[in-house]
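Structure first, commentary second.
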Amino acid sequence: MDIEKFLTDAGVLIIGGVATVSAGYYLIKGDIRNYLRLRFATQKKEENQQLLSLRLQAHERLIVFIERINPANLFIRLHHQGISLPELQAMVLNEIRSEFQHNVSQQLYISAATWNVVKQLKDDTLAMVNNGVKSLPADAMGVDLSKKVLQHMAELGNNPYDLTLDLLKKDIHQLF
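Okay, so the sequence shown: first residue is 2 according to the numbering used here, each after it adds one.
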């Protein structure tokens, strides 16, 4: 009957092992939970820091975008002596669209309302340039377009570029 003795000894060892492991688990269960809670909290904090960094970078890039499409800066950067009206119009429109495409992914990190304002500002800038061209005679030069658009900007009560920059700054302050 060695089998009976073997099974009895094996049963006693198994029951003893299960009891030992169970007792050990119940003794360190709280420590395991605390460790996992702290580890996940630290990981969550790191993820929040990374997201905050990305959101700040998005706001910075959109501020640069707004400054670059502001006609006061845009015409200074693109205008050169003797440029024709169609050439300047094409350069300005291409520059605005290119800048926008370069920053389109930033919408992931800012509010939908702010993104809509930025998008509307881009569309309004394109329309302002196109309307300026339509209001000029066919033989006008690029400098005439610059004057026309900048004159229109001076007549506006509130500068939409400054208003959009203020909105972005308010958006940034809500992050903190």
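Heads up, the beta-carbon is just placed ideally off N, CA and C, and yes, glycines get one too.
Counting the other CB atoms within 10 Å of its CB gives N159 a total below 16, which places it among the exposed residues. Under the three-state reduction of DSSP output, S112 falls in the coil class, being neither helix nor strand.
Contact between L164 and I64 does not hold, since the beta-carbon distance rounds to 13 Å and is not under 8 Å. Across the set R62, T126, S112, Q107, the C-alpha of T126 shows the shortest separation from the C-alpha of Q90. Cβ atoms of M129 and H153 come within 8 Å of each other, at about 6 Å. Closest option to P72, judged by alpha-carbon separation, among N131, P138, Q82: N131.
Between V150 and G133, the beta carbon gap of about 5 Å places them in contact (Cβ cut-off 8 Å). Within the same chain, Cβ atoms closer than 7 Å to the Cβ of A59 are found at Q107, Y110, I111, the five residues on either side in sequence being excluded. Counting only the Cα atoms, E61 lies some 32 Å from L86.
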